[in-house]
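Student:
2 protein chains.
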Amino acid sequence: MKPTTAQAQQQRLNNRVAVLKALAHPTRLWLVEQLEQQERCVCELTDGVDADISTVSKHLSLLRQAGIVTSRREGKQIYYRLETPCLLGMLTCIETALETKTPGCCGN
Amino acid sequence: MKPTTAQAQQQRLNNRVAVLKALAHPTRLWLVEQLEQQERCVCELTDGVDADISTVSKHLSLLRQAGIVTSRREGKQIYYRLETPCLLGMLTCIETALETKTPGCCGN
DNA sequence: AGAACATTTGGCTATTATGCCAAATGAAGG
DNA sequence: CCTTCATTTGGCATAATAGCCAAATGTTCT
Chain P
1 MKPTTAQAQQ QRLNNRVAVL KALAHPTRLW LVEQLEQQER CVCELTDGVD
51 ADISTVSKHL SLLRQAGIVT SRREGKQIYY RLETPCLLGM LTCIETALET
101 KTPGCCGN
Chain S
1 MKPTTAQAQQ QRLNNRVAVL KALAHPTRLW LVEQLEQQER CVCELTDGVD
51 ADISTVSKHL SLLRQAGIVT SRREGKQIYY RLETPCLLGM LTCIETALET
101 KTPGCCGN
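In structure tokens, the structure reads:
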């Protein structure tokens, strides 16, 4: 058992914050939801968003850096895939938590 | 069953984003963790943070607006309480999700 | 090689978030 | 009522984020 140093604590906080920050944007959250069922190429994703392609690309890039999605090239297109589908269940949990204020919701 | 309009979708996204944004800051996340076991007054919380009291106060105020904590006055002090303890389990889940990439983690 | 397509990157501006200080508020006690 | 203690609020300077356009990259097809 490591002695949990202040630095390690800080590191742990920052890791979590990185993921939260990545998800904390309407467009990015929408993108993640689109990837829940299947992988998609950038052009498909862009169609559903009211923003420049370059903007969407940057959002996806940010999600990739956060480890939430991965990408793979297939011909001219690049496909994005959700690495951790369970994150979305977590978001439903957030809503339930706030609405019901039930301490034991979300299965823990 | 309501027909899920584009506006409603947007609203749902924004609600979730509001919570994520509130949690997406190292100090605020730390504050929330401190409140996991018991309520605390501002002075207790301030002791553990390297930041001005006024800064901590603003963070707490932001968390309150997001519906994550509530506050109550007792004499000179104001006590903050975590409204939804299960949110923290969710955060552990984030870590597990990213480390293990297990689709079915987090119990969903 | 050159054109066409899909996506990313650079750069710039506008908006938003952060954090400190100082001043204001509110409660308790002399 | 005046002081002290705990906390919040206002204001401001600085940093981080978002989004658009234009240019660059990488791929396929001819």
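Line order of the protein sequences matches chains P and S.
Under the UniProt record's numbering, the very last position in the first sequence is 108; numbers go up by exactly one each time.
Under the UniProt record's numbering, the very last position in the second sequence is 108; numbers go up by exactly one each time.
Virtual Cβ for every residue (Gly too), placed ideally from N, Cα, C.
On the DSSP letters alone, give me the boundaries of the alpha helix (DSSP H) that Glu99/S sits inside.
Tutor: On the second sequence, residue 99/S is found 99 positions in, with the first residue counted as 1. Per DSSP, Glu99/S belongs to the alpha helix (DSSP H) from 86-100.
Student: Label Thr84/P either buried or exposed according to how many other C-beta atoms from any shown protein chain fall within 10 Å of its C-beta, with 16 as the threshold for buried.
Tutor: Here the question's residue 84/P lines up with position 84 in the first sequence. Classification of Thr84/P: buried, given that the 10 Å Cβ count is 16 or more.
Student: Where do the N-terminal and C-terminal ends of the alpha helix (DSSP H) with Ile53/S fall, by residue?
Tutor: Along the second sequence, read from residue 1 onward, the residue named residue 53/S stands at position 53. Per DSSP, Ile53/S belongs to the alpha helix (DSSP H) from 53-65.
Student: In three-state DSSP terms, what is Leu69/P?
Tutor: Counting from 1 along the first sequence, the entry for residue 69/P is found at position 69. Note on residue identity: the sequence assigns Val, not Leu, to residue 69/P. It is a strand residue.
Student: Below 7 Å on C-beta distance, what does Arg16/S contact in chain P?
Tutor: Within the second sequence, residue 16/S is the residue found at index 16, counting from 1. Near Arg16/S (Cβ distances below 7 Å), the residues of chain P are Leu29, Leu91, Ile94, Glu95.
Student: Which term fits Cys43/S, buried or exposed, when burial requires 16 or more other beta carbons within 10 angstroms of its beta carbon?
Tutor: Residue mapping note: residue 43/S aligns to position 43 of the second sequence, counting from 1. Answer is exposed; the Cβ neighbour count stays below 16.
Student: Give me the Cβ distance between His59/S and Thr27/S, rounded to the nearest whole Å; I'm assuming they're in contact under 8 Å.
Tutor: Numbered from 1 along the second sequence, position 59 holds the residue referred to as residue 59/S. Numbered from 1 along the second sequence, position 27 holds the residue referred to as residue 27/S. 6 Å between Cβ atoms; contact.
Student: Cα-Cα, which of Ala8/P, Leu20/P, Glu39/P, Gln7/P is closest to Ile94/P?
Tutor: As a first step, residue 94/P must be located in the first sequence, where it is residue number 94. Nearest option by C-alpha distance: Leu20/P.
Student: Which residue comes first and which comes last in the alpha helix (DSSP H) that contains Leu13/P?
Tutor: Residue numbering aside, residue 13/P sits at position 13 when the first sequence is read from its first letter. 6-23 is the span of the alpha helix (DSSP H), which, as asked, contains Leu13/P.
Student: Do Gln34/S and Leu23/S have their CB atoms nearer than 8 Å?
Tutor: Looking up residue 34/S in the second sequence gives position 34. Looking up residue 23/S in the second sequence gives position 23. No. Outside cutoff.
Student: Given that a residue counts as buried once 16 or more other Cβ atoms are within 10 Å of its Cβ, and exposed if not, what is Arg16/P?
Tutor: Along the first sequence, one-based indexing puts residue 16/P at 16. That one is buried.
Student: Taking its Cβ as the centre, do 16 or more other Cβ atoms sit within 10 Å of Ile68/S, making it buried, or is it exposed?
Tutor: By 1-based counting over the second sequence, the position of residue 68/S is 68. With 16 or more other Cβ atoms within 10 Å, it is buried.
Student: So, using beta-carbon positions, are Leu88/S and Glu39/S closer together than 8 Å?
Tutor: Position 88 of the second sequence, counted from the first residue, corresponds to residue 88/S. Position 39 of the second sequence, counted from the first residue, corresponds to residue 39/S. No, Cβ-Cβ distance for Leu88/S and Glu39/S is not below 8 Å.
Student: Would you tell me roughly how many angstroms separate the C-alpha atoms of Thr70/S and Tyr80/S, rounded to the nearest one?
Tutor: Sequence index remark: in the second sequence, residue 70/S carries index 70 (1-based). Sequence index remark: in the second sequence, residue 80/S carries index 80 (1-based). Distance between the alpha carbons of Thr70/S and Tyr80/S: 6 Å.
Student: Would you say Lys21/P faces chain S, with C-beta separation under 8 Å as the test?
Tutor: To locate residue 21/P, count along the first sequence from 1; it is residue 21. It does: the Cβ of Lys21/P has a partner Cβ on chain S nearer than 8 Å.
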